[in-house]
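Undergrad: Handing you this structure, nothing more for now.
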Amino acid sequence: MRKIILSILGILIIVLGIFLSNSIVESKTRPKPKVEKAVKTVFTQTVNNGTVDIIVPANGNLTAKQRVELYAEVQGVFRKGNKLFKAGQTYRAGETIIRIDASEYYASVQSAKSNLYNLITSIMPDLRLDYPEFYPKWQAYLSDFDLDKTTPPLPEMTSENEKFFISGR
Numbered sequence: 012m013r014k015i016i017l018s019i020l021g022i023l024i025i026v027l028g029i030f031l032s033n034s035i036v037e038s039k040t041r042p043k044p045k046v047e048k049a050v051k052t053v054f055t056q057t058v059n060n061g062t063v064d065i066i067v068p069a070n071g072n073l074t075a076k077q078r079v080e081l082y083a084e085v086q087g088v089f090r091k092g093n094k095l096f097k098a099g100q101t102y103r104a105g106e107t108i109i110r111i112d113a114s115e116y117y118a119s120v121q122s123a124k125s126n127l128y129n130l131i132t133s134i135m136p137d138l139r140l141d142y143p144e145f146y147p148k149w150q151a152y153l154s155d156f157d158l159d160k161t162t163p164p165l166p167e168m169t170s171e172n173e174k175f176f177i178s179g180r
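Counting from 12, one number per residue, gives the positions in the sequence shown under this note's numbering.
Now the structure itself:
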C-alpha cells in the first residue's frame, strides 16, 4: 500500500512540475522592439565610359590550361637544345623540342647483335657433327647476318630435335 501511495505522489509531483514550468515559460513574453526607419545618405558620381585596366597583384604557382606531356619512346642521353626544356616554354610548329644522343643505345643494340652472332657461331661445330641436315640453313643465316642492318628472323625450326638443341645452347 505504501508503494502505491508513493508512486501516485511521484506522478502528481511530475505533472505539477510540468504545469508549473509551462506557466513560467508563457509568462515571459518579451515585446518586440520597434524597428526604426533610418534614411541613409548616398553619394553618387557621373559615369565616364571607357576601358579600365584590371590589375590583380598575386603570388603563387600557375597551372597550364592546356598541358602537354611528352614521353620518350627511344633511349638516349638528353642533349642541350636552342631553348631550355622547362615547363611553360613555348615552341613553334616544326621546331626541335629536345635532342637525344642515341649513341649509347646504338652501342647496346650492336652489342646484343654481336652476342647473338657469337652464340650462333659457337654452336655451329656441334650442329655440324650432331645434326648435319640442319647445318646448311644455319650457315646461310650466319653468312647473311650483317651487324649494320636489322637482325633477320631466325631460321624456321623444322623438328623438335633442332628446337631443343638450339634452345638448349
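Where a beta carbon is used, it is the ideal one built from N, C-alpha and C, also for glycine.
(1) Would you mind listing the alpha helix (DSSP H) stretches within the stretch 63 to 142 that are 4+ residues and don't spill past its ends, in chain order?
(2) Looking at the structure shown, is S170 part of a helix, part of a strand, or coil, going by DSSP?
(3) Going by beta carbon distance, what residues of the same chain come within less than 8 angstroms of T107, once the five residues before and after it are set aside?
(4) Could you name the residues of the same chain whose beta carbon sits closer than 7 angstroms to that of N33, not counting the 5 residues immediately before and after it, in chain order?
(5) Let's see if you can read the secondary structure: which residues bound the alpha helix (DSSP H) around E37?
(6) Is it buried or exposed, E47, if we count other Cβ atoms within 10 angstroms and call 16 or more buried?
(7) Return the CA-CA distance between F176 and W149, expressed in angstroms with no decimal places.
(8) Compute the Euclidean distance between the alpha carbons of A104 and L81, then round it to the nearest angstrom.
(9) Can you tell me which of Y142, N60, P166 and P143 puts its alpha carbon nearest to the alpha carbon of L153?
(10) Is it buried or exposed for E115, if we count other Cβ within 10 angstroms and need 16 for buried?
(11) Taking 7 angstroms as the cut-off, does the CB of G61 come closer than this to any heavy atom belonging to the ligand GTP?
(12) Count the other C-beta atoms from every protein chain shown that fall within 10 angstroms of the C-beta of L138, then say buried if there are 16 or more, exposed otherwise.
TA: Short version:
(1) 114 to 141
(2) coil
(3) G92 and N93
(4) none
(5) R13 to S38
(6) exposed
(7) 13 angstroms
(8) 15 angstroms
(9) P166
(10) exposed
(11) Absence of the ligand GTP is noted for the structure shown, with no ligands found whatsoever.
(12) buried
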